[in-house]
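Peer 1: The structure is given below, and queries will be raised subsequently.
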Amino acid sequence: MDKYIEKAERTHNLTEAELIFLLQNQSCEEELAAAADRVRAKYVGNGVHLRGLIEFSNICRQDCLYCGLRRDNKKIERYRLQENEILELARKAVGYGYKTVVLQSGEDSHFSVEVMTRLLHKIKLLGLAITLSIGERSFAEYKAFKAAGADRYLLRIETTNKNLYTQMDPGMSFENRKTCLWNLRKLGYEVGTGCLIGLPGQTIQSLAQDILFFKELDTDMVGIGPLIPNGDTPLATAAKGDFGLTRRMVALIRLLLPEANIPATTAMETLEPNARIIILQSGANVVMPNVTEGDYRRKYALYPGKICVADTPAQCRCCMSGKINSIGRYVAKTKGFRRHLPAAYSQAAKC
Ligand code: SAH
Ligand code: SF4
154 MDKYIEKAER THNLTEAELI FLLQNQSCEE ELAAAADRVR AKYVGNGVHL
204 RGLIEFSNIC RQDCLYCGLR RDNKKIERYR LQENEILELA RKAVGYGYKT
254 VVLQSGEDSH FSVEVMTRLL HKIKLLGLAI TLSIGERSFA EYKAFKAAGA
304 DRYLLRIETT NKNLYTQMDP GMSFENRKTC LWNLRKLGYE VGTGCLIGLP
354 GQTIQSLAQD ILFFKELDTD MVGIGPLIPN GDTPLATAAK GDFGLTRRMV
404 ALIRLLLPEA NIPATTAMET LEPNARIIIL QSGANVVMPN VTEGDYRRKY
454 ALYPGKICVA DTPAQCRCCM SGKINSIGRY VAKTKGFRRH LPAAYSQAAK
504 C
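In short: position in the sequence shown from 1, add 153, done, that's the numbering used here.
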């Protein structure tokens, strides 16, 4: 076995140079994925957690160059679900057996603390774990959302290269993005972050540094995805992110953060038809089936070619559990909070 893969499986640590070596090395990919799959089985088991995704508004005040929801995109039809519609989708998520809902949107200021906390209280009564993914907010707002029942928060750093971040996310501050993540951590959320793979100008070294950042933050969830160029954005002619590189990233993240919850994301399947299953066998343990209904699915166009836009949420549920069972795994029945296994780290530290 490659000595770096063996080291990663045993100690859950690699240096930047070792990460770069493995990220560049396509010939190690199967071995790397197999090691990540063993670590996944050992630390988080065979259960796959399904998180029902509700895309409740595509209105956004930000202007990220890669994203179809960016405020300067005049071609997209905007929508914002009413509170009762969101609540109804959350009820349906319970009906599909999901234990968590992920409430995701553009940065839409209509969803004030007052509106969000009212909604969170109602959804909490359904017995669901709640993940928010609604962008950058103040410490006080994050605090209020937590008090109202939010358990987790997803905020991708997108890239840890400050220059690249500043280019890709005009008008946003890299420092503030990091502050938001640390604030979420301080407030006791389960924190999820991640990066885009294939941003123009991004290097392998920068991706290695992204993984080290996830480790430094000791993030509970890591959601990454390849860039899918969107024709209605300034990155229309950019190249797609590479699937193999995305897979090696997932595997390395599992090896370095053995207890983390790692989704096989929809964007991956836009590149490679069987991607979610391949990624579930390369370190991932979470899938986020879409609960959004009808035309809203199509309108939530972060990137083109999004899979399953014509499917109903019930079809998504059925299709995912079939796929999961086909690889000898099962749909987990618990809420799927991160398991903290301190012994694992202390044992690794002795090696
Ligand atoms: N507004 C929130 C949540 C919605 S965007 C936020 O930005 O945090 C969710 C994620 O979609 C982003 O973090 C980004 O990484 C991803 N995304 C946006 N455009 C994309 C594209 N063209 N290809 C792949 N992923 C994209
Ligand atoms: Fe808005 Fe998020 Fe898209 Fe950026 S990535 S434009 S913040 S929806």
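Just so it is clear, CB atoms sit at the ideal spot from N, CA and C, and this is done for glycine as well.
Give the straight-line distance between the Cα atoms of residue 359 and residue 408, rounded to the nearest whole angstrom.
Peer 2: As a working note, residue 359 is residue 206 in the sequence shown. As a working note, residue 408 is residue 255 in the sequence shown. Taking the straight line from one Cα to the other gives about 18 Å.
Peer 1: From residue 323 to residue 286, what does the alpha carbon distance come to, in whole angstroms?
Peer 2: Walking along the sequence shown from the start, residue 323 turns up at place 170. Walking along the sequence shown from the start, residue 286 turns up at place 133. If I take the Cα positions, the gap works out to 20 Å.
Peer 1: Decide if the stretch 215-233 is in contact with the stretch 267-286; the criterion is three or more beta carbon pairs, one per stretch, under 8 Å apart.
Peer 2: Not touching, per the Cβ criterion.
Peer 1: Nearest to residue 214 by alpha carbon, out of 290, 295, 196, 411?
Peer 2: Here residue 214 refers to the residue found at position 61 when the sequence shown is read from its first residue. Nearest C-alpha to residue 214: 290.
Peer 1: Rounding to the nearest angstrom, what Cα-Cα distance links residue 296 and residue 340 in this structure?
Peer 2: Along the sequence shown, one-based indexing puts residue 296 at 143. Along the sequence shown, one-based indexing puts residue 340 at 187. Cα-Cα distance, rounded: 7 Å.
Peer 1: Return the chain-ordered list of same chain residues with a C-beta closer than 6 Å to the C-beta of residue 400, the five sequence neighbours on each side being excluded.
Peer 2: Within the sequence shown, residue 400 is the residue found at index 247, counting from 1. Once the five neighbours on either side are set aside, the close Cβ partners of residue 400 are 435.
Peer 1: Measuring only from the beta carbon, is residue 308 closer than 7 Å to any heavy atom that is part of the ligand SAH?
Peer 2: The residue you call residue 308 lines up with position 155 of the sequence shown. Result yes, Cβ under 7 Å from the ligand SAH.
Peer 1: Rounded to whole angstroms, what's the CA-CA distance from residue 437 to residue 159? Just pull it up for me.
Peer 2: Within the sequence shown, numbered from 1, the residue matching residue 437 stands at position 284. Within the sequence shown, numbered from 1, the residue matching residue 159 stands at position 6. Approximately 19 Å between the Cα atoms of the pair.
Peer 1: Report back the beta-carbon spacing between residue 272 and residue 236 to the nearest angstrom; my notes put them in contact at under 8 Å.
Peer 2: If you number the sequence shown from 1, residue 272 lands on position 119. If you number the sequence shown from 1, residue 236 lands on position 83. Indeed, because the Cβ distance is near 5 Å, the residues count as touching under 8 Å.
Peer 1: Quick one: does the C-beta of residue 257 sit closer than 7 Å to a heavy atom of the ligand SAH?
Peer 2: As a position in the sequence shown, residue 257 is number 104, starting the count at 1. Indeed, a heavy atom of the ligand SAH lies less than 7 Å from the Cβ.
Peer 1: Is it buried or exposed for residue 306, if we count other Cβ within 10 angstroms and need 16 for buried?
Peer 2: Within the sequence shown, numbered from 1, the residue matching residue 306 stands at position 153. With 16 or more Cβ atoms within 10 Å of its Cβ, residue 306 is classed as buried.
Peer 1: Under three-state DSSP, which class holds residue 364?
Peer 2: In the sequence shown, residue 364 corresponds to position 211, counting from 1. In this structure, residue 364 counts as helix in the three-state DSSP scheme.
Peer 1: If you run the structure through DSSP and keep just helix, strand and coil, what is residue 449?
Peer 2: Counting from one through the sequence shown, the residue named residue 449 turns up at place 296. Three-state result, residue 449: helix.
Peer 1: May I ask you to report which of helix, strand or coil DSSP gives residue 109?
Peer 2: The structure shown has nothing for residue 109, since the chain only spans 154 to 504.
Peer 1: Which stretch, first to last residue, makes up the alpha helix (DSSP H) that contains residue 274?
Peer 2: Here residue 274 is taken as the residue at index 121 of the sequence shown, counted from 1. Where residue 274 is concerned, the enclosing alpha helix (DSSP H) stretches over 266-277.
Peer 1: With H, G and I counted as helix, E and B as strand and the rest as coil, what does DSSP make of residue 342?
Peer 2: Within the sequence shown, numbered from 1, the residue matching residue 342 stands at position 189. Of the three classes helix, strand and coil, the one that applies to residue 342 here is coil, per DSSP.
Peer 1: Does the ligand SAH have a heavy atom nearer than 7 Å to the CB of residue 455?
Peer 2: Looking up residue 455 in the sequence shown gives position 302. Yes, Cβ of residue 455 sits closer than 7 Å to a heavy atom of the ligand SAH.
Peer 1: At what residues does the alpha helix (DSSP H) containing residue 429 begin and finish?
Peer 2: Numbered from its first residue, the sequence shown carries residue 429 at position 276. Residues 428-433.
Peer 1: Between residue 458 and residue 423, how many whole angstroms is the CB-CB distance? I'm expecting something under 8 Å.
Peer 2: What you label residue 458 is simply residue 305 of the sequence shown in a count that begins at 1. What you label residue 423 is simply residue 270 of the sequence shown in a count that begins at 1. Indeed, because the Cβ distance is near 5 Å, the residues count as touching under 8 Å.
Peer 1: Figure out for me which residue from 429, 346, 233 has the closest Cα to the Cα of residue 261.
Peer 2: In the sequence shown, the residue the question calls residue 261 occupies position 108. Checking every option, the nearest Cα to that of residue 261 belongs to 233.
Peer 1: Measure the beta-carbon distance from residue 334 to residue 375 and round it to whole angstroms, keeping in mind my assumption that it falls under 8 Å.
Peer 2: By one-based count along the sequence shown, residue 334 stands at place 181. By one-based count along the sequence shown, residue 375 stands at place 222. Contact doesn't hold; Cβ gap of about 12 Å is too wide.
Peer 1: How big is the Cα-Cα spacing for residue 252 and residue 444?
Peer 2: Indexing the sequence shown from 1 puts residue 252 at position 99. Indexing the sequence shown from 1 puts residue 444 at position 291. If you take the alpha carbons of residue 252 and residue 444, they lie about 13 Å apart.
Peer 1: Going by CA-CA distance only, name the one from 178, 198, 192, 162 that's closest to residue 481.
Peer 2: Position 328 of the sequence shown holds residue 481. Comparing Cα positions, the closest option is 198.
Peer 1: Alpha carbon to alpha carbon, how far is residue 288 from residue 475?
Peer 2: Stepping through the sequence shown from its first residue, residue 288 is reached at position 135. Stepping through the sequence shown from its first residue, residue 475 is reached at position 322. Those two C-alpha atoms are separated by around 33 Å.
Peer 1: Which whole runs of the alpha helix (DSSP H) in the stretch 165-226 are 4 residues long or more, in chain order?
Peer 2: Complete alpha helix (DSSP H) runs here, min 4: 169-177, 182-197.
Peer 1: Taking all protein chains shown into account, decide if residue 467 is buried (16 or more other Cβ within 10 angstroms of its Cβ) or exposed.
Peer 2: If you number the sequence shown from 1, residue 467 lands on position 314. With fewer than 16 other Cβ atoms within 10 Å, it is exposed.
Peer 1: Based on Cα-Cα distance, which residue from 325, 353, 351, 270 lies nearest to residue 300?
Peer 2: In the sequence shown, residue 300 corresponds to position 147, counting from 1. If we check each option's Cα against that of residue 300, 270 comes out closest.
Peer 1: Taking 8 Å as the threshold (C-beta atoms), are residue 162 and residue 397 in contact?
Peer 2: Locating residue 397 in the sequence shown gives position 244, where the first residue counts as 1. Locating residue 162 in the sequence shown gives position 9, where the first residue counts as 1. No; because the gap between Cβ atoms is not below 8 Å, this pair is not in contact.
Peer 1: With a threshold of 7 Å (Cβ to nearest heavy atom), would residue 217 be considered close to the ligand SF4?
Peer 2: Taking the sequence shown and counting its residues from 1, the one referred to as residue 217 is at position 64. Residue 217 Cβ: within cutoff of the ligand SF4.
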